[in-house]
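Peer 1: Take this structure, written in structure tokens, and hold onto it; I'll ask about it next.
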Amino acid sequence: MIKVMVVGQKWLAEQILLLCMDESYEVAAVAPPSHDDRLAKTAKGFDIPVRIAPKRLDAKDVPDDIDLILCAHTHCYIAAEARQKCKLGAIGFHPSLLPSYKGKNAIQDAINAGENETGGSIFLLDDGWDTGQVLFQQTCMIGSQDTAQSLWINKLAPMALNMFRELLINLQVKEALPM
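Written out as structure tokens, the structure is:
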């Protein structure tokens, strides 16, 4: 059984936790930014340890024998020692077609630039922000009435969940990350 830690917040991180459980992954711990977050509340309901990490996740915060850290809707920096503690490292979702539009305002930046297409990237975390190796991407259109919020809620967050589902299913079958 693959052992993971989920780092993140809000709806997406909570859904990733539930997805991991549905796909028979062992969730060893979660790391939301606060105890009030949906991820923390849902994890507590399943007796999954909660480690609060609002800005940084260090090796001491990562349980032993973790295969993979999954980062979903997080602004928490995953330290190199924490990533190295995991057999497969740490993977995140970013709401842009990396390397374009890095950072926490990526959706609004794409709209402001007049883009008609954006998307999401599943990537390996490294020492930078949104700079790791991209594993795979999906695209979606930016409509004339779209806002950053509507794009996130209606297109990018559901896309992220589907991309994580694809990643987790492939990981179980191939026992390796897509490269």
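Those letters in the sequence shown? Residues 1 to 179, by full-length UniProt numbering. Every residue, glycine too, gets a C-beta built ideally from N, C-alpha and C.
Could you tell me the boundaries of the beta strand (DSSP E) in which Leu-68 lies?
Peer 2: As a working note, residue 68 is residue 68 in the sequence shown. Bounds of the beta strand (DSSP E) holding Leu-68 are 68–72.
Peer 1: Mind checking whether Ala-80 and Arg-51 have CB atoms under 8 angstroms apart?
Peer 2: Here residue 80 is taken as the residue at index 80 of the sequence shown, counted from 1. Here residue 51 is taken as the residue at index 51 of the sequence shown, counted from 1. Contact: no.
Peer 1: At the level of alpha carbons, what is the spacing between Lys-104 and His-75?
Peer 2: Locating residue 104 in the sequence shown gives position 104, where the first residue counts as 1. Locating residue 75 in the sequence shown gives position 75, where the first residue counts as 1. Answer to the nearest angstrom: the Cα atoms are 8 angstroms apart.
Peer 1: Among the residues of its own chain, which have a CB less than 7 angstroms from the CB of Asp-65, if the five just before and after it don't count?
Peer 2: Looking up residue 65 in the sequence shown gives position 65. Correct list, in chain order: Lys-3.
Peer 1: Straight-line CA distance for Pro-49 to Gln-108?
Peer 2: Against the sequence shown, residue 49 aligns to sequence position 49. Against the sequence shown, residue 108 aligns to sequence position 108. So the two alpha carbons sit approximately 34 angstroms from each other.
Peer 1: Report yes if the CB atom of Ala-72 is closer than 8 angstroms to the CB atom of Gly-8, and no otherwise.
Peer 2: In the sequence shown, counting from the first residue as 1, residue 72 sits at position 72. In the sequence shown, counting from the first residue as 1, residue 8 sits at position 8. Yes, Cβ-Cβ distance for Ala-72 and Gly-8 is below 8 angstroms.
Peer 1: Identify which residue in Thr-42, Asn-170, Leu-19, His-94 has its Cα closest to the Cα of Leu-124.
Peer 2: In the sequence shown, the residue the question calls residue 124 occupies position 124. Here the closest residue by C-alpha is His-94.
Peer 1: Look at Ile-69 and Ala-40 and say whether their C-beta atoms are less than 8 angstroms apart.
Peer 2: Taking the first residue of the sequence shown as 1, we reach residue 69 at position 69. Taking the first residue of the sequence shown as 1, we reach residue 40 at position 40. No, Cβ-Cβ distance for Ile-69 and Ala-40 is not below 8 angstroms.
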